[in-house]
Amino acid sequence: MAKALYFIFLFSLFFSASLGAQVSASSAEQKHLTFGVLESPPLVQRTPEDFLQGFYIDLLREYAKLHNHSIDFAVTRSTSMLEKLETGQFDLLIGFNPEQYPQAQWIFSKESLVTHWAEVFTHISRSGKIYSLPDLDKRSIGLVQQTNASTNLKNLCNSFQIRCNIKQYPSNEALLKALEQGIVAAIVLDTLEAQTYQNQQILHSTGIVFAPRNKYLMGLKGRSEALLQNLDIQLAAWKTQADSHYETARQTWLQTPQAAPVSPLSATPLSAIKQPLLTDRVRWGLMIAGFFILLGTLLLWRNSKQGMRMLRLERDVLQRNESRFRNLLENIPYGLQDIDLNGQILFANSSYYKQITIFEAIKEAEEQRRVQQYLKVLSIEQPEHPDPIYTTLKCRRKSGCAVRMEWSYKYDEQDQLTGFFVLVTDVTGVGETKKRIRDYHIQLKKVADERKADLMDAYNDLLITAAVFENTSEAIMVIDLEACLTSINPAFESMTGFNKEQTLGQPLSMMASKKHDASIYPRLWEKLLNQQCWQGEVWNQRANGSIYPGWLSINVVLNSDEEVTQYVALLSDITKRKQYEKQIWRQANYDALTQLPNRNLFHRRLEQAISRVRQDKHQAALMFIDLDHFKEVNDTLGHDAGDELLKAATRRIVDAVRKNDTVARMGGDEFTVILPIVEKPDIAVQIAKKILEGLNQSFTLNQGEVNISGSIGIVICPKDGEDLTTLLKNADIAMYKIKEHGRNGYYLYQKES
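Those letters in the sequence shown? Residues -21 to -1, 1 to 732, by mature numbering (1 follows the signal peptide of the UniProt record, and there is no 0).
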């Protein structure tokens, strides 16, 4: 009995100390965690209220809730996140891959948070052209610069002998714009990035995916192992449960069109966690040993229960992994075998191979001997890096199939050869495939022979096109999709003075002169993209700096898929045509003898003056001038003298008016003067007096000296008329009034009562 009491006393004392340690450990487990994240919707994104939400946020908040931790998330930058992890500002970083950071000081979770991959998308309006990988042949595929997608896509296409034109863009926005404009037939996006654009009804998935990648939790070696281990166990448990929080978060953020907003969860400070205080644990253990024995028993039961739960979780992880790998081994289209040195199969991914030796599966005896001899040689030589040997064998099956067997060494922990690994591939259809390829080549040659004449015609057409390109008098330019010149003909060099070295690779706008504003070529290019053709008059600058007018026509070049590949432009020098048009216009609007505006131009300028009077509410004046005694000079001295007198009278009338006034010849000895702005009628009277003063002076002609005068009728607009016909009629009436009063004067029109 004494021994029993002594044992109880020691057990109480021991368990008191154990209880203190257990409480301390339990208090340490209840801690505050800080995770560093990069903003990447839908994994991590901000709400309009500047809270964080997303797949990672939901997942790790649930973990913290289950384990009674408080948690914070901090959005960081890639340039500073590693430093903050090393200095302890972050407990872990979320969403990274070991391939990105292979340095020894980093450690990663074994369970991935999410798997994503690269996927090929077309525009929603052109979703019916690409269904599988071969459909990418000879098409333009766009992707974002500085990503691994370019290399992965090239390797994927090369492995299937698919030729696709890969174009790179600086951002997702530029990539989508190129897809909308038809510059590329399809684009490559990460599945997570593409989710936003699919929700906007922009993209259509082709189902072509490649380059899968996983994202993990990342920590610092020597500090983060325990936390990562707990997270791995929790993640593995979630993944085995169909209705777990992991599956709920994945459905919410990674599969549905729009994720429901999540309210931010405030972190719980350490001060809010209740920690039991244990003072003088030994003394209390001695006083109430029975209580501690009972409490210790409960704690042992709780810990054992928790340990059992952890063991069950680990067992579930192992079972799930085993099921996953066994499912993989049983469903891959290859035979996998583990054999010993005698050829006995130790493991295979088919129950048939487990019952027989590898030699029994070989039908021909000669093949059996050859494989046995090969195994013997491999066992003896054991090269350091043996090359795999490919052997075609006939298997003992009713259908009789051919297989290719690839052998490699198997060593134990002491580097002793214990057997071989064999990869078995069914190659029965290879011969048939080769035959189909030969038949296809024969058919292809037949088609090529049939098209020989067509190819020769096309070649002749190319020769003719090249001759036209080299010898035409019009400048021809080939322009790429970036509006840069890629080819020019000799006529271009002759017309502009720019040679190929100065031109190729330069933008089309290099020829623009300052006679255009800076937006002429951007606006031209915008219309060309919308209408697929453009033509119009441009003012270009030659290499020597001279400016000339040109007529520019640009048309698109389409490939068989109706995609724009380049542009062809024709440029003509229209300098002579412009000069001819200017000459024709002058002949139509100016008097040939006096070089004054004729009746047509006079009518247009009078209409303009009347329009400004209406708009600005001011006055204008019109004078009708008739030369007195001109007919006598013309009849007496001849037409040459009359023409000379008209030119001299023109100069005196022009000298008498203001700079912005218009003097026109209506025909014969009749002239008109438009005064577009007069503050009062007296200004028109003063100008009329100056005209009369000039006309009253003698004119010295080749035939002698002559004297004439003038009769001037004046009307004021709008007082004397508000239209061209009324003003001309009233000016003519005023001019005849002065004729009736003896000529050589002016008359200001007065409306008869």
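Glycine included, C-beta positions come from ideal geometry on N, C-alpha and C.
Residue i in three-state terms, based on DSSP
i, result
"residue 534", "strand"
"residue 114", "helix"
"residue 176", "helix"
"residue 491", "strand"
"residue 275", "helix"
"residue 389", "strand"
"residue 141", "coil"
"residue 679", "strand"
"residue 221", "coil"
"residue 464", "strand"
"residue 74", "strand"
"residue 519", "strand"
"residue 286", "helix"
"residue 404", "strand"
"residue 621", "helix"
"residue 159", "helix"
"residue 615", "helix"
"residue 728", "coil"
"residue 22", "coil"
"residue 587", "helix"
"residue 295", "helix"
"residue 542", "coil"
"residue 644", "strand"
"residue 485", "coil"
"residue 231", "helix"
Opening and closing residue of the beta strand (DSSP E) in which residue i lies
i, result
"residue 477", "No beta strand (DSSP E) contains residue 477, which DSSP labels as neither H nor E."
"residue 138", "Counting along the chain, residue 138 falls outside any beta strand (DSSP E), though it belongs to the alpha helix (DSSP H) covering 128 to 138."
"residue 603", "598 to 607"
"residue 316", "314 to 319"
Range of the contiguous alpha helix (DSSP H) that encloses residue i
i, result
"residue 661", "660 to 675"
"residue 184", "Unbroken run through residue 184 is the beta strand (DSSP E), 182 to 199; no alpha helix (DSSP H)."
"residue 205", "204 to 218"
"residue 559", "554 to 568"
"residue 165", "Per DSSP, residue 165 belongs to no alpha helix (DSSP H); it is in the beta strand (DSSP E), 165 to 169."
Environment of residue i [buried if 16+ CB atoms lie within 10 Å]
i, result
"residue 573", "buried"
"residue 102", "buried"
"residue 403", "buried"
"residue 303", "exposed"
"residue 526", "exposed"
"residue 531", "buried"
"residue 244", "In this predicted model, residue 244 has a pLDDT of only 33, less than 50, meaning its place in the structure is not dependable enough to derive any value."
"residue 326", "exposed"
"residue 613", "buried"
"residue 84", "exposed"
"residue 21", "buried"
"residue 314", "buried"
"residue 148", "buried"
"residue 301", "exposed"
Length of the line joining the Cα atoms of residue i and residue j
i, j, result
"residue 709", "residue 618", "31 Å"
"residue 13", "residue 57", "17 Å"
"residue 412", "residue 420", "12 Å"
"residue 711", "residue 551", "50 Å"
"residue 685", "residue 553", "48 Å"
"residue 602", "residue 488", "50 Å"
"residue 220", "residue 16", "27 Å"
"residue 189", "residue 97", "5 Å"
"residue 54", "residue 454", "58 Å"
"residue 648", "residue 622", "10 Å"
"residue 728", "residue 683", "36 Å"
"residue 693", "residue 605", "12 Å"
"residue 170", "residue 74", "15 Å"
"residue 456", "residue 557", "23 Å"
"residue 625", "residue 634", "14 Å"
"residue 428", "residue 183", "41 Å"
Cβ separation of residue i and residue j, assumed to be a contact under 8 Å, to the nearest whole Å
i, j, result
"residue 99", "residue 165", "5 Å"
"residue 478", "residue 448", "Not a contact, Cβ separation roughly 16 Å."
"residue 724", "residue 674", "About 11 Å; that fails the 8 Å criterion."
"residue 520", "residue 492", "4 Å"
"residue 584", "residue 576", "7 Å"
"residue 232", "residue 33", "6 Å"
"residue 88", "residue 199", "13 Å between Cβ atoms; not a contact."
8 Å Cβ cutoff, residue i in contact with chain C
i, result
"residue 396", "The displayed structure is made up of one protein chain only, and chain C is not part of it."
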